[in-house]
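Novice: Our numbering puts the first residue of the sequence shown at 254, with every later residue one more than the last. Glycine included, each C-beta is placed from N, C-alpha and C at the ideal position.
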Amino acid sequence: MTVIRQADFIESIADALQYISYYHPLDYVKAVEDAYNREQNPAAKDAMAQILINSRMSAEGRRPICQDTGIVTCFVKVGMDVKWDNTALTVQEMVDEGTRQAYLNSDNPLRASIVADPAGARKNTKDNTPSVVHIDLVAGDKIEVMIAAKGGGSENKSKMAMLNPSDDIVEWIKKTVPTMGAGWCPPGMLGIGIGGTAEKAAVMAKESLMDPVDMPALMEKGAETTDEQLRIDIYNAVNDLGIGAQGLGGLTTVVDIKIKSCPTHAASKPVVLIPNCAATRHAHFFLDGSGPANLQPPKLEDWPKVTWELGENVRRVNIDNCTKADIADWKAGETVLLSGKILTGRDAAHKRIKDMLDRGEGLPEGVDFTNRFIYYVGPVDAVGDEVVGPAGPTTATRMDKFTDMMLEQTGLIGMIGKSERGPATVDSIAKQKAVYLMAVGGAAYLVSKAIKKSRVVAFEDLGMEAIYEFEVEDMPVSVAVDSTGNNVHETGPAIWRGKIADAKKAK
Ligand code: SF4
254 MTVIRQADFI ESIADALQYI SYYHPLDYVK AVEDAYNREQ NPAAKDAMAQ ILINSRMSAE
314 GRRPICQDTG IVTCFVKVGM DVKWDNTALT VQEMVDEGTR QAYLNSDNPL RASIVADPAG
374 ARKNTKDNTP SVVHIDLVAG DKIEVMIAAK GGGSENKSKM AMLNPSDDIV EWIKKTVPTM
434 GAGWCPPGML GIGIGGTAEK AAVMAKESLM DPVDMPALME KGAETTDEQL RIDIYNAVND
494 LGIGAQGLGG LTTVVDIKIK SCPTHAASKP VVLIPNCAAT RHAHFFLDGS GPANLQPPKL
554 EDWPKVTWEL GENVRRVNID NCTKADIADW KAGETVLLSG KILTGRDAAH KRIKDMLDRG
614 EGLPEGVDFT NRFIYYVGPV DAVGDEVVGP AGPTTATRMD KFTDMMLEQT GLIGMIGKSE
674 RGPATVDSIA KQKAVYLMAV GGAAYLVSKA IKKSRVVAFE DLGMEAIYEF EVEDMPVSVA
734 VDSTGNNVHE TGPAIWRGKI ADAKKAK
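1) Count the other CB atoms within 10 Å of the CB of His535; is the residue buried (16 or more) or exposed (fewer)?
2) Indicate the three-state DSSP secondary structure (helix, strand or coil) for Gly751 in the structure shown.
3) Let me confirm a value: Asp221 is counted as buried when at least 16 other C-beta atoms fall within 10 Å, else exposed. Which label applies?
4) Would you give the residue range spanned by the beta strand (DSSP E) that Val386 belongs to?
5) Identify, in the order they occur along the chain, each residue of the same chain with its Cβ nearer than 6 Å to the Cβ of Gly637, setting aside the five sequence neighbours on each side.
6) For Thr322 and Leu357, I'd like the C-alpha separation in whole angstroms.
7) Between which residues of its own chain and Val491 is the CB-CB distance below 6 Å, once the five residues before and five after are set aside?
8) Classify Cys575: buried if its beta carbon has 16 or more other beta carbons within 10 angstroms, exposed otherwise.
9) Helix, strand or coil, according to DSSP, for Asn409 in the structure here?
10) Please tell me whether Ile496 and Val423 are closer than 8 Å, where the distance is taken between their beta carbons.
11) Go through its chain and collect everything with a Cβ distance to Val709's Cβ below 6 Å, but skip five positions before and after it.
12) Express the C-alpha separation of Ala458 and Val734 in angstroms, rounding to a whole number.
13) Suppose the cutoff is 7 Å on Cβ atoms and the five residues either side in sequence are ignored; what does the same chain contact list for Tyr289 look like?
14) Might you give, ordered along the chain, the residues of its own chain that have their beta carbon closer than 6 Å to the beta carbon of Leu270, omitting 5 neighbours on each side?
15) Which residues mark the beginning and the end of the alpha helix (DSSP H) in which Trp425 is found?
16) Judging by CA-CA distance, which residue of Asp464, Leu483, Met463, Leu462 is the nearest neighbour of Met472?
17) What did DSSP end up calling Val741 once you bin it into helix, strand or coil?
18) Just to check, is the beta-carbon of Thr647 closer than 7 Å to a non-hydrogen atom of ligand 1?
19) Which term fits Ser239, buried or exposed, when burial requires 16 or more other beta carbons within 10 angstroms of its beta carbon?
20) Look at the alpha carbon of Ile257 and the alpha carbon of Ile400, and state the distance between them as a whole number of angstroms.
21) Do Met728 and Leu596 have their C-beta atoms within less than 8 Å of each other?
22) Is the beta carbon of Gly694 within less than 7 Å of some heavy atom of ligand 1?
23) Please report the Cβ distance between Met658 and Leu610, rounded to the nearest whole angstrom; I am assuming they are in contact, meaning their Cβ atoms lie under 8 Å.
24) Any heavy atom of ligand 1 closer than 7 Å to the beta-carbon of Ala284?
25) Closer than 7 Å: is that where the CB of Ser274 sits relative to any heavy atom of ligand 1?
26) What three-state label does DSSP hand Glu473 in the structure shown?
27) Answer yes or no: the CB of Gly406 versus the heavy atoms of ligand 1, is any distance below 7 Å?
28) Who are Met728's beta bridge partners in DSSP?
29) Name the one or two DSSP bridge partners that Val329 has.
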């Protein structure tokens, strides 16, 4: 019988969460590098360059890959021949303690994103607990742990269907993936659970994402099982959609498809799809009683030496003196480097602004959006001499419901976020002659280097959701919706879907 010390388990969880906050799995880095080398759409190639550069910078600086440092999801397989040295804490409590230690680590504090009372007050628990823990009792005398920090943007795009037994899973995926937009920050992976019951399929989908990227090896070897054939078919079908990196259109939307399946009821075919984003983060370790897990740091030479060249037609703008007349000729797809002051705000700040405007109170003191841009972001706290921690964009689509209000009532002229806007919001942007700019989701540490000053201007009690004023220098964004309503998230995938289909026909 193996004796596992609870202290070793907790230390291993804390270390693994710190490790995955700044080290991408190298299999994912290699897969994005290959996709980058293959990509023909310059905008998508650019986005992948930023993701790869950000990945290397995070590994070097040991700071989070993304400002959303995720909800901790942990699979713990406990051998039946394992004994704990004491029973002070349950497995859930031990994972939570490791999570607490990792997220409050003063050398690399991670953003606490978990809110209690989700249907009500949604109050931040401040230490990113509780984690989501799946425990299995298995044969053997070891403990196996697979742990991930799952971003909200990609988790929000999860889909479930109770298909009819004769329904085609590939067809369902082809229909479903375009409805997910780009808020899951592709290129990534899709985890798919098939069979069992509704909840079993969801857990299998999540667990499948813990496996390394091995699609090239599978393609070379050829499918030997139904699930392997499905993985290849879905991989090809999804990439043929032309969605591309960040939804800008291109050759690679997914770098792998993972499937776990199990027997199901004769009347059922449950399918759950969970995407993993550009901040793919997971670690895998065993405990055998000899001490805490020892995750070896990867070598920096293993990261590709990608450089990011600004094209000749980049527009440099001082946004402190910008008006609607100035943004009128910014074109969808164009790269813009912003310098000057921007305000931030995301879900909670928008909700509070709405409540204040509805009550006739006006904007909070010190906040004036006239001719300003708002950046949808919830940054990580700064450490050392940082101005701000990683500060990448959050999903703009969630702010769609507030956009009319912001454009009509506050004088705002531009928004910066990630992923697409809904059709009604695109219409509002065109009607108000405003613009929507896109930063690369999953390139948060890189983006934070363009922020030269930061101060909280309102709603300090909201923590990372407060309104900040950032002073930025050459912050790279691209015009996603221009002032006439041209929308790259619509045009990009359509163009690349057509090009991919034409290339296949020509073969
Ligand atoms: S890469 Fe995108 S979806 Fe993933 S954690 Fe970061 S912002 Fe969220």
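Specialist: Here's the rundown:
1) Along the sequence shown, one-based indexing puts residue 535 at 282. Under this definition His535 is a buried residue.
2) On the sequence shown, residue 751 is found 498 positions in, with the first residue counted as 1. DSSP places Gly751 in helix when its eight states are reduced to three.
3) Residue 221 lies beyond the residue range present for the chain, which begins at 254 and ends at 760; the question has no answer from this structure.
4) Against the sequence shown, residue 386 aligns to sequence position 133. Segment 385–391, the beta strand (DSSP E) holding Val386.
5) Residue 637 sits at position 384 when you count from the first residue of the sequence shown. Excluding residues within five positions, none has a Cβ falling inside 6 Å.
6) Residue mapping note: residue 322 aligns to position 69 of the sequence shown, counting from 1. Residue mapping note: residue 357 aligns to position 104 of the sequence shown, counting from 1. Between Thr322 and Leu357, the C-alpha separation is close to 12 Å.
7) Translated into the one-based positions of the sequence shown, residue 491 becomes position 238. Hits under 6 Å: Val430, Thr506, Val507.
8) Here the question's residue 575 lines up with position 322 in the sequence shown. That one is buried.
9) Translated into positions along the sequence shown, residue 409 becomes position 156. Here Asn409 sits in coil by DSSP.
10) In the sequence shown, the residue the question calls residue 496 occupies position 243. In the sequence shown, the residue the question calls residue 423 occupies position 170. Contact: no.
11) Against the sequence shown, residue 709 aligns to sequence position 456. Leaving aside the five residues that flank Val709 on each side, the residues in its chain whose CB is nearer than 6 Å to its CB run, in chain order, Ala719, Tyr721.
12) Position 481 of the sequence shown, counted from the first residue, corresponds to residue 734. Position 205 of the sequence shown, counted from the first residue, corresponds to residue 458. So the two alpha carbons sit approximately 34 Å from each other.
13) One-based indexing of the sequence shown puts residue 289 at position 36. Cβ neighbours of Tyr289 beyond the five flanking positions: Lys298, Met301, Ala302, Leu305, Val559.
14) Counting from 1 along the sequence shown, the entry for residue 270 is found at position 17. The residues are Ala355.
15) For this step, residue 425 is matched to residue 172 along the sequence shown. That run of the alpha helix (DSSP H) goes 422–429.
16) Locating residue 472 in the sequence shown gives position 219, counting from the first residue. Out of Asp464, Leu483, Met463, Leu462, Leu483 has the C-alpha closest to the C-alpha of Met472.
17) Looking up residue 741 in the sequence shown gives position 488. Three-state result, Val741: helix.
18) As a position in the sequence shown, residue 647 is number 394, starting the count at 1. Thr647: yes, Cβ under 7 Å from ligand 1.
19) Outside the displayed range of the chain (254 to 760) lies residue 239, so it cannot be described from this structure.
20) The residue you call residue 257 lines up with position 4 of the sequence shown. The residue you call residue 400 lines up with position 147 of the sequence shown. Each residue's alpha carbon lies about 18 Å from the other.
21) Residue numbering aside, residue 728 sits at position 475 when the sequence shown is read from its first letter. Residue numbering aside, residue 596 sits at position 343 when the sequence shown is read from its first letter. No, these two residues do not count as a Cβ contact at 8 Å.
22) Reading the sequence shown from its first residue, position 441 is the one you call residue 694. Yes.
23) As a working mapping, residue 658 is identified with position 405 in the sequence shown. As a working mapping, residue 610 is identified with position 357 in the sequence shown. Yes, Met658 and Leu610 are in contact; Cβ-Cβ is about 7 Å, under 8 Å.
24) Position 31 of the sequence shown holds residue 284. No.
25) On the sequence shown, residue 274 is found 21 positions in, with the first residue counted as 1. No, Cβ of Ser274 sits at least 7 Å from all heavy atoms of ligand 1.
26) In the sequence shown, the residue the question calls residue 473 occupies position 220. If DSSP states are grouped into helix, strand and coil, Glu473 belongs with the helices.
27) For this step, residue 406 is matched to residue 153 along the sequence shown. Checking the Cβ of Gly406 against ligand 1 gives yes.
28) Translated into positions along the sequence shown, residue 728 becomes position 475. DSSP output for Met728 lists Leu591 as bridge partner(s).
29) The residue you call residue 329 lines up with position 76 of the sequence shown. BP columns for Val329 point to Ile388, Val398.
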